[in-house]
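Worksheet: one structure, shown below.
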Amino acid sequence: MSTTRRRDVHQIGDVAERVGLSLRTVRYYEEAGLLLPVGRTVGGFRLYDDDAVDRLFLIKKMKPLGFTLEEMRSLLVLRDELQEPDLPAERRAALQARLATWVALAEEKLTTLREQVQVAEAFVGGLHDDAERSGTS
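The number in the working numbering is simply the position in the sequence shown, starting from 1, with 754 added.
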């Protein structure tokens with residue numbers, strides 16, 4: 755009995771639909787070096803494994819926080835390296851310190867995003883007030 759885990763592969767269209775991105779966006783992230791297909795079909799369609807799908811979900815979460823492509827790439831490389839099982843303790847500690855910096859940056863970006871949402875909510879509330887005063891609510 756084999757203990758090898760079967761790796762499911764998915765065509766780009768299935769991946770795009772599953773993650774909620776366009777085909778063009780998935781290709782763009784590949785071209786930007788954020789994502790690598792595990793192969794191609796005989797017809798040339800890109801194939802991605804479940805790890806790539808998870809990576810796309812993570813990229814999608816970074817996008818609203820305003821991370822640049824370079825920041826995304828750096829963070830993804832860092833996360834990949836931290837998953838290496840035989841990573842020396844000293845290297846792991848250095849990477850964890852860098853990850854803590856990324857956590858702080860993400861929290862700053864989230865705070866900024868929350869402030870922008872508050873401004874937008876106040877704007878919409880003002881529009882509702884205007885509509886009520888003008889009798890169009």
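Think of the CB as a built atom: it goes at the ideal place given N, C-alpha and C, for glycine as much as any other residue.
| Whole beta strand (DSSP E) runs in the region 802 to 878 with 3 or more residues, listed along the chain? | none
| task | Tell me whether glycine 798 sits in a helix, a strand or coil according to DSSP, three-state version. | result | coil
| query | Taking just the CA atoms, how far does aspartate 834 sit from aspartate 893? | reply | Residue 893 lies beyond the range of the chain shown here (755 to 891); nothing can be said about it.
| task | Name the residue from Val792, Ile766 and Arg772 whose alpha carbon lies nearest to the alpha carbon of arginine 781. | result | Checking every option, the nearest Cα to that of arginine 781 belongs to Ile766.
| By Cβ distance, which residues of its chain are closer than 7 Å to leucine 775, with the 5 residues on each side in sequence left out? | Its chain contains Leu810 and Lys814 as the residues whose beta carbon lies nearer than 7 Å to that of leucine 775, once the 5 sequence neighbours on both sides are disregarded; these appear in chain order.
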